[in-house]
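Report on one structure; see the data block that follows.
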Amino acid sequence: MLTRVNSSLLPVLIGLSQAGIPVQSKLSEGWLNNWLQGSVVKAALAWMRMALNPSKLRRSDLQEAVRRPARGLNQVSRELLRARSYSTDDLIRQADGLSERHAVSWLQWVQDILAAARLAETGRAGPLLDWMIQDLGLDRSAHLLDRNRTRADKAAHGDNLVALRRSADLLDQLDTFEQQLRQTVSGAVGADHGVTLSTIHRVKGAEWKRVIVFGVEHGSMPHVLAEDIEEERRILYVAATRGQDQVVVMAASERPSPFLDEMRCRPKPTHPEPALSSQKKAPAADPPGFDPDLFEKLREWRLAQAKERKVSAFIVFYDRTLREIAARKPLNRRELNAISGVGPTKMDLYGEDVLQIVREHTGG
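Now the structure itself:
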């Protein structure tokens, strides 16, 4: 199995390990330790730990969480957070001596911690990560960090965030999530047989009978940090020509690589396919009240925003969020804020634009 960057291999490794399939992987405990220290991943894990125990918040986690997403409170937090641990009530009291501007940001931060704690009551890592990425704004933090990078040969912060979320689909128990990550990677170290997991850059000249190219998606191929599109196309070509008999290309349906349209051909099978192989899952049903015309207007606006900001479209809003907006047709900030995927950051950045589109479409 081949991916563009190492972090994309992590959910693949987890899935194969859970299925009892041996792997030969370049991912090591040392790699994982470094990956867990990456800015956005480190912040996400800090938020997870705080959500699990809001009555005993570690100073180190608080200082990490106040930085990502940015709130302009770094210096304030260094001055105020001197004890080893705090409760949310302790943090609320800390706001008394702050300026009005800092107090508002500080109390909103505490409310976000409480919101994370409520989500943690489900015991699941996936929904909490969805909230952190979409509503809290870790996706925006990843984009801002990646904007200052120029190399596409290593994982971007956005790649790491996607890998973390996909891992949570497989390791969904929140209180053991980080521990299970470590155990899975350490358990795969040293295998001398099994499925080969590698990045594309490592396999030039190598071939296998069957190859799966995983994560062929917008933002990965072409990579969000890349400037040479022809080089990006060549990288996918290298991956797709490593298989002697069969190559399978996999991508998330919400953000497939634009290169996939260039690969729209299918050779005739050399043997009859099993009946089940031709069956496709039915697409997810649209929410009640869904307006396809409004959805298309929102998608056109999102594309324009993504081009203007030089980000992937899903950084602005996921399709599922736009579908929900097109179904519920919010006319004010309160109604828009009630939709999953519209957090404070996205409300500030895009709220008025979205509401204007809905109002003009509905005449509201």
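Using our numbering, read the sequence shown as starting at 26 and increasing by one per residue. Every residue, glycine too, gets a C-beta built ideally from N, C-alpha and C.
For residue i, which residues in the same chain have their Cβ closer than 6 Å to its Cβ, ignoring the five residues on either side in sequence?
i	result
W154	Per the sequence shown, the amino acid found at residue 154 is Leu instead of Trp. The answer, listed in chain order, is R190 and A193.
A120	A128, W131 and L132
V241	V274, A276 and S282
G148	L199
D184	V30 and S32
R126	none
L61	none
Measure the alpha-carbon distance for residue i versus residue j and round it to whole angstroms.
i	j	result
Q88	Q208	27 Å
R390	R267	Residue 390 lies beyond the range of the chain shown here (26 to 389); nothing can be said about it.
D160	K354	19 Å
Q49	I225	15 Å
S42	A150	19 Å
R73	L199	The amino acid occupying residue 73 in the given sequence is Met; Arg does not appear at that position. The straight-line gap from Cα to Cα measures roughly 8 Å.
M157	S64	14 Å
R235	R327	38 Å
G230	E257	18 Å
V91	D286	42 Å
V187	A69	12 Å
L301	S223	Residue placement at L301 is flagged as unreliable, the pLDDT there being 40, under the threshold of 50; the coordinate-derived value follows with that caveat. So the two alpha carbons sit approximately 30 Å from each other.
A44	E104	49 Å
P369	A140	13 Å
G366	F342	7 Å
L82	A142	11 Å
K305	S124	Residue placement at K305 cannot be trusted, given a pLDDT of 43 that sits under 50; the coordinates are not used to answer.
N390	A145	As displayed, the chain neither begins before 26 nor continues past 389, which places residue 390 out of reach and without an answer.
L374	H248	24 Å
L206	L323	37 Å
G244	I39	22 Å
Q269	T221	15 Å
L361	D344	15 Å
L52	V210	7 Å
A265	R280	19 Å
E252	M26	25 Å
L163	P152	14 Å
S278	R334	23 Å
A352	A329	22 Å
If you drop the 5 nearest sequence neighbours on each side, which residues of the same chain put their C-beta closer than 7 Å to that of residue i?
i	result
R348	D311, P312, F315 and F320
W84	The residue asked about is misnamed: residue 84 is Arg in this sequence, not Trp. Here the set comprises L106, A108, R109 and S110.
L261	V241, M246 and F284
V135	T113, L116 and I117
G219	I46, P47, V48 and Q49
R174	A181 and L250
D86	A71, R74 and M75
N203	Looking at the sequence shown, residue 203 is not Asn but Glu. L70.
P297	Note that P297 scores 47 on pLDDT, short of 50, meaning its location in the model is unreliable; the coordinates nonetheless yield the value given after this. Correct list: empty, nothing qualifies.
Is it buried or exposed for residue i, if we count other Cβ within 10 angstroms and need 16 for buried?
i	result
K371	buried
V273	exposed
G212	exposed
T346	buried
S102	buried
G122	exposed
R165	buried
R359	exposed
A363	exposed
D137	buried
I350	buried
D217	exposed
D171	buried
R259	exposed
R93	buried
Taking DSSP's pairing of strands, which residues face residue i in a bridge?
i	result
S110	R83
I237	V273
L356	According to DSSP, L356 bridges with nothing at all.
G244	H248
P281	E242
G268	W233
Q49	T221
L27	S223 and V238
Q100	BP columns for Q100 are empty, so no partner.
Q198	R149
Can you list, in chain order, the residues of its chain with a C-beta nearer than 8 Å to that of residue i? Leave out the 5 residues immediately preceding and following it.
i	result
E377	none
L356	L380, V383, R384, T387 and G389
A331	S337, A338, I340 and V341
W233	T221, R267, G268 and Q269
D318	H386
Decide yes or no for the touch test of the region 28-48 against the region 237-254: beta carbon pairs closer than 8 Å, at least 3 of them.
With the cut-off at 8 Å, the region 28-48 and the region 237-254 touch.
Using 8 Å as the Cβ pair cut-off and three pairs as the minimum, do the region 50-63 and the region 86-104 touch?
no
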